[in-house]
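**Q** Add 29 to a position in the sequence shown, counting from 1, and you land on the number used in our numbering.
Got a structure here, written out as structure tokens. Questions coming.
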Amino acid sequence: MNVLVVNAGSSSLKYQLFDTTAGVVKAKGLCERIGIDGKIKHTNLETGAVYEKETAMENHTVATKIVIDVLVSAEYGSVKSMDEIEAVGHRVVHGGAYFSESVLVTDEVMAKLELCRDLAPLHTPAHIMGIEGCTAAMPGTPQVLVFDTAFHTATMPEHVYTYPLEYDLCQKYAIRRYGAHGTSHRYVSGECAKLLGGAEGTKIVTCHLGNGSSISAVKDGKILDTSMGFTPLAGIEMGTRCGDIDPAIVPFIMDKTGMTPDEMNNYMNKKCGFLGVSGVSSDCRDVSNAAKEGNHRAQLALDIVVYEIQKFIGAYTAAMGGLDAIVFTAGIGENDKGLRARVCEGLSFLGIDFDDDKNAANETEITKAGSKVKVFMIPTNEELVIAKDTEAIVKAL
Ligand code: ADP
Numbered sequence: 030m031n032v033l034v035v036n037a038g039s040s041s042l043k044y045q046l047f048d049t050t051a052g053v054v055k056a057k058g059l060c061e062r063i064g065i066d067g068k069i070k071h072t073n074l075e076t077g078a079v080y081e082k083e084t085a086m087e088n089h090t091v092a093t094k095i096v097i098d099v100l101v102s103a104e105y106g107s108v109k110s111m112d113e114i115e116a117v118g119h120r121v122v123h124g125g126a127y128f129s130e131s132v133l134v135t136d137e138v139m140a141k142l143e144l145c146r147d148l149a150p151l152h153t154p155a156h157i158m159g160i161e162g163c164t165a166a167m168p169g170t171p172q173v174l175v176f177d178t179a180f181h182t183a184t185m186p187e188h189v190y191t192y193p194l195e196y197d198l199c200q201k202y203a204i205r206r207y208g209a210h211g212t213s214h215r216y217v218s219g220e221c222a223k224l225l226g227g228a229e230g231t232k233i234v235t236c237h238l239g240n241g242s243s244i245s246a247v248k249d250g251k252i253l254d255t256s257m258g259f260t261p262l263a264g265i266e267m268g269t270r271c272g273d274i275d276p277a278i279v280p281f282i283m284d285k286t287g288m289t290p291d292e293m294n295n296y297m298n299k300k301c302g303f304l305g306v307s308g309v310s311s312d313c314r315d316v317s318n319a320a321k322e323g324n325h326r327a328q329l330a331l332d333i334v335v336y337e338i339q340k341f342i343g344a345y346t347a348a349m350g351g352l353d354a355i356v357f358t359a360g361i362g363e364n365d366k367g368l369r370a371r372v373c374e375g376l377s378f379l380g381i382d383f384d385d386d387k388n389a390a391n392e393t394e395i396t397k398a399g400s401k402v403k404v405f406m407i408p409t410n411e412e413l414v415i416a417k418d419t420e421a422i423v424k425a426l
């Protein structure tokens, strides 16, 4: 089945065209500056042909039409006509407590998605525009929503997702732990379970370490806990996000600086983390390079993140009553061998027999044969999960 996977941002639209039967990505691309001016970069992965053009995109409907035109074009296209695109799968950042699995787009689903606006004010409007853009450009083509929160909200126990605030207030405003990167945690924990011989009885910690980072405890293939919370600001230190801090620091800084709630939120999301501590960059590579040159604050930013990752692994091992495997994924997890080694070095007491050579060679398993706890590097593939979920739902119609 040809499935178009769409990841709509406020002014962008990333896409991949999957042939789910053959298990290949036929084409991928990015529309940028939607609503400003407009630019598309498209790659036909079968021929290698690249199409790049600056072209007006007033909104996501126009952007979607441009994507379809290039997908069916003689020179760059992957299909002969739009009818060959059999379904669209959308990545949706927040499904609130309304969605704990992927769903077919219907009027009722769109009404529920509207209720998620408050929970992800930057992303939800963009998703809605992306869905409406596809509906306008491809009327009649079934669309499926795949939520970043669904893997978490499907199974997280009440005592894990409930914050110790006033119960009624939390109910009123839907304040609870939702988590994020659920599609990635689901994919890599699933791949890890296959390597362990099945999900039943397994205790896995998945570390999605990118610009945004989250760590999850996956027991028997199901989420027990995750480091992100009500929003993706919680958890470990990230590129520009502070992660968990004493909540009393928030009113303290607001009082000292005169920042409004919006400004404070923006500050914690955009100015902290690696960038705030190091003063160098939000990018882990830049921070690592600066640390190697002796920059103390860059080294400190890295020391913090390594320590926090270790703490989460320790906490989740206790929460699950044991540990079978750790998975590293996303930009940092898949590429930063030094960071993986540092995290695991301090955890040999758990039964990790780390293999420096396998780690340096970026092998899938980076522990020695016979290691009690296995460590894996598994590249994430959220788009594949979205394509597969979409195929399954549309085939069952
Ligand atoms: P996003 O959350 O935006 O999807 P990514 O998963 O692409 O982010 O991760 C981006 C992070 O990965 C950046 O901090 C970047 O420095 C880091 N990264 C990418 N490649 C490497 C590498 N070779 N070594 C260390 N860090 C890397």
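Each residue gets a CB set at the ideal place from its N, CA and C atoms; glycine is no exception.
#1: What are the start and end residues of each continuous beta strand (DSSP E) run of 3 or more residues lying completely inside the region 111–139, in chain order?
#2: Whole angstroms are fine: how far does the CA of R205 sit from the CA of F128?
#3: Within its chain, find whatever has a CB closer than 7 Å to the CB of M293; leave out the 5 residues flanking it on each side and keep chain order.
#4: Relative to the alpha-carbon of G230, which residue among C236, A222 and H237 has its alpha-carbon at the smallest distance?
#5: Counting only runs that start and end within the region 335–419, where is the beta strand (DSSP E) found for 3 or more residues in a row?
#6: What's the gap between the Cα of S242 and the Cα of I355?
#7: May I ask you to check if the CB of G239 is nearer than 6 Å to at least one heavy atom of the ligand ADP?
#8: Could you tell me which residues DSSP puts in a beta bridge with D254?
#9: Using CA atoms only, rank isn't needed, just tell me which of G169, A126 and H188 is closest to T182.
#10: Please check the pair N478 and R146, which I expect to be a contact at CB under 8 Å, by giving their CB distance rounded to whole angstroms.
#11: Ignore the nearest five residues each way along the sequence and tell me which others in A389's own chain have a CB closer than 8 Å to its CB.
#12: Residues bridged to T235 by DSSP?
#13: Let me know the secondary structure DSSP gives C60 once reduced to three states.
#14: Just tell me which of I422, P261 and T212 has its CA closest to the CA of T409.
#15: Just to confirm the assignment, what range does the beta strand (DSSP E) spanning D48 have?
#16: Between the beta-carbon of E412 and the beta-carbon of V34, is there less than 7 Å?
#17: Excluding sequence positions up to five away, which residues of its chain have a Cβ less than 6 Å from the Cβ of V414?
#18: For the beta strand (DSSP E) that contains F173, what are its first and last residues?
#19: Would you give the residue range spanned by the beta strand (DSSP E) that H71 belongs to?
#20: Could you tell me whether any non-hydrogen atom of the ligand ADP is closer than 6 Å to the CB of A359?
#21: Would I252 be called buried (16 or more neighbouring beta carbons within 10 Å of its own) or exposed?
#22: Within 6 Å: the Cβ of R314 and any heavy atom of the ligand ADP?
#23: If you check the beta carbons only, do M349 and K232 fall under 7 Å apart?
**A** Looking at the atomic coordinates:
#1: 116–121
#2: Taking the first residue of the sequence shown as 1, we reach residue 128 at position 99. Taking the first residue of the sequence shown as 1, we reach residue 205 at position 176. Cα to Cα, F128 sits roughly 14 Å from R205.
#3: Your numbering for residue 293 matches position 264 in the sequence shown. Cβ neighbours of M293 beyond the five flanking positions: V279, I282 and M283.
#4: Your numbering for residue 230 matches position 201 in the sequence shown. Selected option, being the one with the closest Cα: A222.
#5: 354–358 and 403–406
#6: Position 213 of the sequence shown holds residue 242. Position 326 of the sequence shown holds residue 355. Roughly 15 Å between the two C-alpha positions.
#7: Position 210 of the sequence shown holds residue 239. At least one heavy atom of the ligand ADP is nearer than 6 Å to the Cβ of G239, so yes.
#8: Counted from its first residue, the sequence shown places residue 254 at position 225. Note: D254 sits in a beta bridge opposite A246.
#9: Numbered from its first residue, the sequence shown carries residue 182 at position 153. Ranking G169, A126 and H188 by Cα distance to T182 puts A126 first.
#10: What the structure shows of the chain is the stretch from 30 to 426, and residue 478 is not part of that stretch, so it cannot be assessed.
#11: Residue 389 sits at position 360 when you count from the first residue of the sequence shown. So the list reads K366, once near-sequence residues are dropped.
#12: In the sequence shown, the residue the question calls residue 235 occupies position 206. DSSP, once it has assigned bridges, lists S245 and V356 as partnering T235.
#13: Taking the first residue of the sequence shown as 1, we reach residue 60 at position 31. Reduced to three states, the DSSP call for C60 is strand.
#14: Your numbering for residue 409 matches position 380 in the sequence shown. The shortest C-alpha to C-alpha distance from T409 to any of I422, P261 and T212 is the one to T212.
#15: Working through the sequence shown from its first residue, we reach residue 48 at position 19. Start and end: L42 to D48.
#16: Residue numbering aside, residue 412 sits at position 383 when the sequence shown is read from its first letter. Residue numbering aside, residue 34 sits at position 5 when the sequence shown is read from its first letter. In this structure, E412 lies near V34, with their beta-carbon atoms less than 7 Å apart.
#17: In the sequence shown, the residue the question calls residue 414 occupies position 385. So the qualifying residues of the chain are T212 and Y216.
#18: Numbered from 1 along the sequence shown, position 144 holds the residue referred to as residue 173. The question names Phe, yet the displayed sequence has Val at residue 173. Run containing V173: Q172 to F176, per the beta strand (DSSP E) assignment.
#19: Taking the first residue of the sequence shown as 1, we reach residue 71 at position 42. Per DSSP, H71 belongs to the beta strand (DSSP E) from K68 to N73.
#20: As a first step, residue 359 is located in the sequence shown; it is residue number 330 there, counting from the start. Yes.
#21: The count along the sequence shown starts at 1 and reaches residue 252 at position 223. By the neighbour-count criterion, in which 16 or more other beta carbons inside 10 Å mark a residue as buried, I252 falls on the buried side.
#22: Your numbering for residue 314 matches position 285 in the sequence shown. Yes.
#23: For this step, residue 349 is matched to residue 320 along the sequence shown. For this step, residue 232 is matched to residue 203 along the sequence shown. Cβ distance < 7 Å, so M349 and K232 count as in contact.
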